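A.B. asks: Taking the UniProt record's numbering, the leading residue of the sequence shown gets 1, the next gets one more, and so forth. All C-beta atoms in this analysis are idealised placements derived from N, C-alpha and C, irrespective of residue type, glycine included. Everything numeric in this text was worked out from a predicted model, so none of it was measured. Handing you this structure, nothing more for now.
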Amino acid sequence: MVQDIPWFRTSRGPGYPMEKWWTRLKQSYEGRPFHNLDHLYEMLNLFDEYKDKLRDRYATAIAIFFLHAVNDPKATDNAERSARLLREFSSETTFDSENYVANLIVESGKNCTEAHMTEGMFGEDDLHFLLDFDMAFLGSESAKYDVHLANIRKEYAHLSDEDYADQRLKVLKLFMQIPNIFATKELRERFEAKARENIAHEITTLSKR
């Protein structure tokens with residue numbers, strides 16, 4: 001049933017055209033190699049695990065659905081465009097946390113907070129959890145990580161192998177240089193070590209090309 005989709009669990013009653021917006025969001029995510037419905041549901045599974053840690057779980061759930069609603073691999077303003085889509089959703093509903101969620105989406109586009117850059121520091125804000133949910137795939141078991149890598153490569157199919165390797169290496173080396181890939185205590189303890197292992201292996205592989 002359509003009501004079983006996690007999106008509908010966020011409904012607060014009358015004034016929420018959830019089915020219409022789920023159809024629209026679903027169409028946005030479908031057909032993508034990586035930032036697709038599988039990635040969305042992986043984030044939602046983590047949300048379910050850690051929702052008691054969130055300051056505004058409802059707003060964070062909405063942010064998850066809109067986080068990659070716009071995903072153009074050639075663009076640099078995906079977060080801003082996703083936030084605008086969130087505001088369009090808000091204009092059609094009685095949703096009252098528009099500014100908070102839009103800020104979560106835009107700030108997530110920076111992929112870094114003070115908690116990422118400071119040794120021994122942990123983040124506890126909704127933004128920290130949102131970023132960690134999004135980056136959790138980095139800490140996947142090796143075989144699953146390889147699948148993610150293949151899908152990410154497909155998402156950047158417009159790049160030559162050489163250009164992709166160059167751009168990907170810049171991102172990966174930045175991850176290895178910052179003190180913390182994960183901001184929250186909970187997800188850092190769970191994923192940080194494996195993420196660094198996966199990234200180090202990927203760097204070695206790409207550097208051989």
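Would the beta-carbon of F137 be found less than 8 Å away from any heavy atom of the ligand GTP?
C.D. replies: This structure simply doesn't include the ligand GTP, nor any ligand for that matter.
A.B. asks: Could you check where the alpha helix (DSSP H) with N198 kicks off and where it finishes?
C.D. replies: Counting along the chain, the alpha helix (DSSP H) containing N198 begins and ends at 185 to 207.
A.B. asks: Is it buried or exposed for V2, if we count other Cβ within 10 angstroms and need 16 for buried?
C.D. replies: The pLDDT assigned to V2 is 35, lower than 50, so where the model puts this residue is not dependable, and the model offers no usable value.
A.B. asks: Taking the alpha-carbon positions, what's the N36 to E30 distance?
C.D. replies: N36 and E30: Cα-Cα distance of roughly 6 Å.
A.B. asks: Taking DSSP as the reference, what is the three-state secondary structure of E92?
C.D. replies: Three-state result, E92: coil.
A.B. asks: Excluding sequence positions up to five away, which residues of its chain have a Cβ less than 8 Å from the Cβ of N180?
C.D. replies: Closer than 8 Å at Cβ, skipping near neighbours: A115, H116, M117, T118, E119, M121, R188, E192.
A.B. asks: State the start and end residues of the unbroken alpha helix (DSSP H) segment that holds V171.
C.D. replies: It spans 161 to 177 - the alpha helix (DSSP H) in which V171 sits, taken as one unbroken run.
A.B. asks: DSSP three-state label for G13, please.
C.D. replies: For G13, the predicted model reports a pLDDT of 49, less than 50, meaning its position is unreliable and no value from the coordinates is stated.
A.B. asks: Would you call the CB atoms of A61 and L44 closer than 9 Å?
C.D. replies: Contact flag set, yes.
A.B. asks: Could I get the ranges of all uninterrupted alpha helix (DSSP H) runs contained in the region 10 to 83, with 4 residues as the minimum, in chain order?
C.D. replies: Fully enclosed alpha helix (DSSP H) runs of 4 or longer: 18 to 29, 37 to 50, 57 to 67.
A.B. asks: Within the chosen definition, does the region 106 to 114 reach the region 70 to 83 through at least 3 CB pairs nearer than 8 Å?
C.D. replies: Contact between the region 106 to 114 and the region 70 to 83 is present, because at least three Cβ pairs lie under 8 Å.
A.B. asks: Following the continuous alpha helix (DSSP H) through D134, name the residue where it begins and the one where it ends.
C.D. replies: Its alpha helix (DSSP H) spans residues 126 to 135.
A.B. asks: Is L159 closer than 9 Å to I199 when the C-beta atoms are compared?
C.D. replies: Not a contact, by the Cβ cut-off of 9 Å.
A.B. asks: Which two residues bound the contiguous alpha helix (DSSP H) that contains H148?
C.D. replies: That run of the alpha helix (DSSP H) goes 142 to 155.
A.B. asks: Classify G139 as helix, strand or coil using the three-state DSSP reduction.
C.D. replies: Three-state result, G139: helix.
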